[in-house]
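Protein chains in written order, with the working numbering: chain A, 14 to 334; chain W, 265 to 580. All residues carry an ideal CB built from backbone N, CA and C; glycine is no exception. Treat the numbers as computed from the prediction; the structure is a model and nothing was measured. Only one structure is covered here, and it is reproduced in the block below.
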């Protein structure tokens, strides 16, 4: 029997873990199995989900970016500043925050591709430049008091239609699935991430792939910034920064690999939901919330460790890149 | 630009970095006058040992073509372990060395865990050390409930001000650790293997280098050095808490890269990275005296890191 794809295996494992959590939570944890609680879990995973679906493209392309929380903070700060100047509509709010994110994403693509240093190092530097720069410019002040239409109910409006965070996440997931599975771009991305050298010799990849992947992440970061500002009805420069590594962990848990070429939308969503569910179960069962990080880290290590063990013979030692 | 770790041609780099450090030191002296210079030097001398140890902890995995994102978390966890040991056992007689050894062992264990993931499970160092970071900081937060561990024996805080032969004890600890690492990297056969693995792990494997063992050693050492930094911090703050030194990750990366460690692995000069952290710390203290904020330093360090990578790219 042919070996299943690593993405499928990750989804299967996560599915089993989720089922275990759901059944265990439903049986033993009071208040867990209510619709409200489960919807809350999805909402709490919403922002991380947007980031993770953005990061997924970058990982599939064989790149890495951890500056996205700072990008989102800049986008929401820009948006909040414009709110104080004049009234915008939903359409321009989305365009502005998405546009700021996209622009910074393209900057990241340019810097990372040109420097040719490991993207983890380059984007740690960028994270600090963006985050520090924003904190300097904003002097750490909180912006609030948004227009009524923005505060009105927990919904977005796209072309006049109300859209909740969950629906937005689903829409983005659908778009990501379509891009990855049904377009030339998606295939190019996977090819370039899977074997950059081979892809380049086929005339595929290079700067365009990086621009697409980082641009996609940047745009979604902008949208995530907008969504978070809407949820909290306030913008603080540091409120998102520091969560980037959790998003990386969730995406990797979902079956994406830093080696590139691997990862799926379904797995990514499951990874994010799984981490949110663990947190929810821990809180509801009265255990200290301080367990969350230790448990998540352990899950990450356990999930990833056997992953590559199966392909040990073929694997190139890490660090060879 | 082909200096290997084991070769002596690192000298040019080292001199360059040392000259830079000296120049900045002089600049700082003249800028702040002699009255402030002692204050400046004191604040530098206070922070350099812990930062320098963390830079070494970061530089070693980088020389092997990897990275260790968990260094600060490991440092704090080790400090917490030692502090809890003191709290449980008191600080008399034989207990003190035991508590210190416990902290170092916790750090070494965390490092070895990451090393095993990298070496044997073939996990990318970013993911392996991210997992290590989450577990280390998660466990640390769990056992401390996120608060600081205090109530340490008096000699812990006193050690920060202690001098031996006129030099601060912590500076001596740091210099000794640096000398050992420099010996290992530049003079011992291990340095050759480290350089080979960092340059091309696959080729090293095929030429008979025990790549897994090099990785395991490097990350274990990185964990122990982090733990040592944690103990220095324990003494300086007279308490242990997860979350001390959260901003150290960028500056350690920057110092390693400025000191000539190739982010892609294979190259690096130990003493030059020390000179780099000295330079950075002097300029940071200078900036601080000038009233610039932590955020300004963030932007400056990030910008300098990118500029240095760009310079390397142009020269390559």
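Taking 7 Å as the cut-off, the beta carbon of residue 343 (chain W) is found no closer than this to the beta carbon of residue 536 (chain W). Contact with chain W is absent for residue 233 (chain A), since none of that chain's Cβ atoms lies less than 7 Å from the residue's Cβ. In the three-state reduction of the DSSP assignment, residue 504 (chain W) falls in the strand class, which pools E and B.
Shown here, residue 156 (chain A) sits in a strand according to DSSP, grouped into three states.
If you check the CB distance, residue 284 (chain A) and residue 267 (chain A) come in under 7 Å. Comparing alpha carbon positions, the residue from A:63, A:118, A:27 closest to residue 256 (chain A) is A:63.
As for any beta strand (DSSP E) of minimum length 3 sitting wholly inside the region 507-547 of chain W, there is none.
Within the same chain, and ignoring the five residues on either side of residue 412 (chain W) in sequence, the residues whose Cβ sits closer than 6 Å to its Cβ are 503, 505. The beta carbon of residue 488 (chain W) is closer than 7 Å to those of 368, 371, 372, 375 in its chain, skipping five residues each way along the sequence. Residue state for residue 403 (chain W) is assigned as helix, using DSSP reduced to three classes. When rounded, the separation of the alpha-carbon atoms in residue 559 (chain W) and residue 144 (chain A) is 8 Å. Residues of the region 546-580 of chain W with a Cβ closer than 9 Å to any Cβ of chain A, in chain order: 557, 558, 559, 560, 561, 562, 563, 564, 565, 566, 567, 568, 569, 570, 573, 574, 576, 577, 580.
Residue contact check for residue 480 (chain W) against chain A: no CB pair falls below 7 Å. Chain A has no Cβ within less than 7 Å of the Cβ of residue 433 (chain W).
Shown here, residue 428 (chain W) sits in a strand according to DSSP, grouped into three states. Taking a contact to require three or more Cβ pairs closer than 8 Å, the region 398-408 of chain W and the region 508-518 of chain W do not qualify as touching.
In this structure, residue 320 (chain W) lies near residue 445 (chain W), with their beta-carbon atoms less than 7 Å apart. Nearest neighbour of residue 150 (chain A) by Cα position, chosen from A:250, A:272, A:311, turns out to be A:250. Linking residue 416 (chain W) to residue 355 (chain W) through their CA atoms gives a straight-line distance of about 8 Å. In the DSSP annotation of this structure, the continuous segment of the alpha helix (DSSP H) that includes residue 179 (chain A) starts and ends at 178-195. If you check the CB distance, residue 231 (chain A) and residue 115 (chain A) come in under 7 Å. When CB distances to chain A are screened at a threshold of 7 Å, the residues of the region 379-391 of chain W falling below it are 381, 382, 385, 386, 387, 388, 389, 390, 391, in chain order. When the Cα atoms are used, residue 207 (chain A) and residue 222 (chain A) turn out to be separated by approximately 12 Å. Between residue 227 (chain A) and residue 122 (chain A), the C-beta gap is smaller than 7 Å, which places the two residues in contact. Interface criterion met: the Cβ of residue 142 (chain A) is under 7 Å from a Cβ in chain W. Under the 7 Å criterion on CB atoms, residue 250 (chain A) is classed as non-interfacial with respect to chain W.
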